[in-house]
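Asker: Numbering (full-length UniProt numbering), first residue to last: 1 to 639.
Where is the CB? At the ideal position from N, CA and C, for every residue including glycine.
Starting off with a structure, shown below.
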């Protein structure tokens, strides 16, 4: 078996098999550290700057080791890329015979039982959805994998999707008549049989928190677990270690009970009546909150008489539904499953109505049509630490953005990984030559009214200088919409605005038009890879501090305060630094890329914490002059 150094050398297996492979010292260092973590069953936290080649640096040691491994990524797109492109490439180069499998969350697989259920009763299906349903049925007759991603003609948020896929709640498991043909079961069996399984963070933590027990046998068997895009996992893990209940869940539950009444238990009219009551009360609960989507403190909301009264009514209606379902247990497998869902919903509502709990945050969010109530632990460190230490196995957490001010303390503290080995690897790119950082002079205060005019004028100037080919990244949807609306009237470049279509469609349109300008918020701050002269300028409206009104953030800050520490230093600055590093990371993706990063926030010059932000960014050429920015951009075109 060759060593890691052999594999990554200039005449090694990767260089021989992969066109354009160039040995990088940082990549070899990371691969050696990953191999050591796997071999010694220890934990490693590693930041690898853009261009290090971190994917190969963890895939090669995983393929060279003997045990089972789980590789978890941040998004489904990255998961697909890893499984279909990177993994086969490294596997072939190493001549590895190890079996690999891709496993997605259950919502990505067609559920044959749900399709049959809804095909048999079209009265409960909206007209718009009927067309989508027949499209799904046509595709169902020819698909081998049942992966909904194959059905490109359906929009990502197609209304038919909840009708033809399962949830943890409505899946019948082994009691399902279609169990042997189930695409999810087949995908899981393949995963159980594989040596290396590629999953995403949501699926991993749903399983770890036993929110989806069907996948539960995979994690215990793994000898190594690798997290890519690991900066995302503290928030994702917190979600799964808490509880949530939405009015949509209640309404879906009621709808499924009505479907059973109309198709199977036609003599049980009281089922329909009790379900309908729950549906109406859930809808009325949503109406107690403003129309526009928002987040708020659920414990505070519960002090309102109207909210507490409506929650009480919902608890009562679920109690009645529970008793009615109980009368019909044993008559139908689907109803037996629905009974379990009613029991779970009652328990969740009970937990979410108890505002006397410690070390958790009760908060809510609303969408246009629904209310979601959350109970989230303030810290998952102790729980995750126990999971990492027993049983012993190799753990690797990697990302381009884990360090704050040269250290890993923030990430380690949040995840309970204080004992992990750490490794920080700089990007091999020549940032002083390739990139310029500008904080323009004479900026007004970030939240002042005059800032909008300044942002608009700066954006217009940058768009003209870069001839399009730029990203304008915002920290709020409101500012994004305002600047987009004004730019539309004042520039000729095509504007691609987040929210008008899917993220992928916007990116495709951006790359297809060399004069295009893309305006985005959170979704475009990370996971976007545009290389070459297609992107030469990134403008960021202000430092990405989380909204101080966010109820979960408020609860965490209060908790830090109680312990005598400074929440601004312990929570807000590190989180904003990591978000800024992500946004800045969109600019230089390749050794030949050149570009300008413009951050329109004078706090990067005036505040004591400015050096923490600047020190965490790559070492670019710096200026405060937009004239110099224009000259730098003009120079890119001349080269």
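How is residue 457 classed by DSSP in three states: helix, strand or coil?
Answerer: Indexing the chain shown from 1 puts residue 457 at position 457. Three-state DSSP puts residue 457 in a helix.
Asker: Is there contact here, the stretch 525-545 with the stretch 599-607, by at least three beta-carbon pairs under 8 angstroms?
Answerer: Counting Cβ pairs under 8 angstroms, three or more are found: they touch.
Asker: If I follow the unbroken alpha helix (DSSP H) through residue 262, where does it start and stop?
Answerer: For this step, residue 262 is matched to residue 262 along the chain shown. Element bounds for residue 262: 247-263.
Asker: Does the distance from the CB of residue 640 to the CB of residue 34 come in under 9 angstroms?
Answerer: The displayed coordinates of the chain run from 1 to 639. Any statement about residue 640 would go beyond what the structure contains.
Asker: Hey, residue 201 and residue 72 are a contact pair by Cβ (cut 8 angstroms); roughly how many whole angstroms apart?
Answerer: Numbered from its first residue, the chain shown carries residue 201 at position 201. Numbered from its first residue, the chain shown carries residue 72 at position 72. Going by Cβ atoms, the distance from residue 201 to residue 72 rounds to 5 angstroms, so yes, they are a contact pair.
Asker: Measuring CA to CA, which of 418, 519 and 151 is closest to residue 43?
Answerer: As a working note, residue 43 is residue 43 in the chain shown. Among 418, 519 and 151, the Cα nearest to that of residue 43 is on 418.
Asker: Helix, strand or coil for residue 377? Go by DSSP, reduced to three states.
Answerer: As a first step, residue 377 must be located in the chain shown, where it is residue number 377. If DSSP states are grouped into helix, strand and coil, residue 377 belongs with the strands.
Asker: I'd like to check one pair, residue 104 with residue 245: are the Cβ atoms closer than 9 angstroms?
Answerer: Counted from its first residue, the chain shown places residue 245 at position 245. Counted from its first residue, the chain shown places residue 104 at position 104. Not closer than 9 angstroms, so no.
Asker: Going by Cα to Cα distance, which pick from 491, 561 and 484 is closest to residue 497?
Answerer: Reading the chain shown from its first residue, position 497 is the one you call residue 497. Ranking 491, 561 and 484 by Cα distance to residue 497 puts 484 first.
Asker: Could you pull the DSSP bridge partners for residue 395 from this structure?
Answerer: In the chain shown, residue 395 corresponds to position 395, counting from 1. Answer by DSSP bridge pairing, in chain order: 43 and 225.
Asker: Rounded C-beta distance between residue 286 and residue 366? I'm assuming under 8 angstroms.
Answerer: For this step, residue 286 is matched to residue 286 along the chain shown. For this step, residue 366 is matched to residue 366 along the chain shown. The pair is a contact, with the Cβ atoms about 7 angstroms apart (cut-off 8 angstroms).
Asker: Just how far apart, CA to CA, sit residue 566 and residue 437?
Answerer: Position 566 of the chain shown, counting from 1, holds the residue named residue 566. Position 437 of the chain shown, counting from 1, holds the residue named residue 437. Cα to Cα, the separation comes out at about 30 angstroms.
Asker: In chain order, what residues of the same chain have a beta carbon less than 8 angstroms from the beta carbon of residue 320, not counting five sequence neighbours either side?
Answerer: For the purposes of this step, residue 320 is taken as residue 320 along the chain shown, with counting starting at 1. Cβ within range, chain order: 274 and 277.
Asker: Pairing CB atoms from the stretch 325-341 with CB atoms from the stretch 263-271, are three or more of them under 8 angstroms?
Answerer: Short answer: they touch.
Asker: Which value, in whole angstroms, describes the spacing of the CA atoms of residue 433 and residue 635?
Answerer: Walking along the chain shown from the start, residue 433 turns up at place 433. Walking along the chain shown from the start, residue 635 turns up at place 635. Cα-Cα distance, rounded: 12 angstroms.
Asker: Let me know if residue 563 comes out buried or exposed under the rule of 16 or more other beta-carbons within 10 Å of its beta-carbon.
Answerer: Residue numbering aside, residue 563 sits at position 563 when the chain shown is read from its first letter. Flag for residue 563 reads exposed.
Asker: So residue 686 and residue 532 are supposed to be a Cβ contact under 8 angstroms. How far apart are they, rounded?
Answerer: Missing from the structure shown is residue 686; the chain here goes from 1 to 639 and no further.
Asker: How far does the beta strand (DSSP E) with residue 354 in it reach, from first residue to last?
Answerer: Residue mapping note: residue 354 aligns to position 354 of the chain shown, counting from 1. Careful: residue 354 lies outside any beta strand (DSSP E) and carries neither H nor E.
Asker: What are the start and end residues of the beta strand (DSSP E) that includes residue 101?
Answerer: Translated into positions along the chain shown, residue 101 becomes position 101. Residues 100-102.
Asker: Throw me the rounded Cβ distance for the residue 535 and residue 595 pair, which I believe falls under 8 angstroms.
Answerer: For this step, residue 535 is matched to residue 535 along the chain shown. For this step, residue 595 is matched to residue 595 along the chain shown. 7 angstroms between Cβ atoms; contact.
Asker: Could you check the C-alpha separation between residue 491 and residue 113 for me, to the nearest Å?
Answerer: For the purposes of this step, residue 491 is taken as residue 491 along the chain shown, with counting starting at 1. For the purposes of this step, residue 113 is taken as residue 113 along the chain shown, with counting starting at 1. Computed Cα separation, rounded: 52 angstroms.
Asker: For residue 372, I'd like the list of residues in its chain whose CB is within less than 7 angstroms of its CB, leaving aside the five on either flank, ordered along the chain.
Answerer: Position 372 of the chain shown holds residue 372. Here the set comprises 244, 246, 364 and 365.
Asker: Following the continuous alpha helix (DSSP H) through residue 189, name the residue where it begins and the one where it ends.
Answerer: Reading the chain shown from its first residue, position 189 is the one you call residue 189. Element bounds for residue 189: 183-193.
Asker: At which residues does the alpha helix (DSSP H) containing residue 480 begin and terminate?
Answerer: On the chain shown, position 480 is the one that residue 480 refers to. Run containing residue 480: 477-490, per the alpha helix (DSSP H) assignment.
Asker: In angstroms, rounded to a whole number, what distance separates the CA positions of residue 62 and residue 38?
Answerer: Along the chain shown, one-based indexing puts residue 62 at 62. Along the chain shown, one-based indexing puts residue 38 at 38. Whole-angstrom Cα-Cα distance: 8 angstroms.
Asker: For the 8 angstroms Cβ check, are there 3 or more pairs between the stretch 65-84 and the stretch 185-198?
Answerer: Yes, the stretch 65-84 is in contact with the stretch 185-198.
Asker: From 577, 520 and 426, pick the residue whose C-alpha is nearest to that of residue 48; which is it?
Answerer: Sequence index remark: in the chain shown, residue 48 carries index 48 (1-based). Comparing Cα positions, the closest option is 426.
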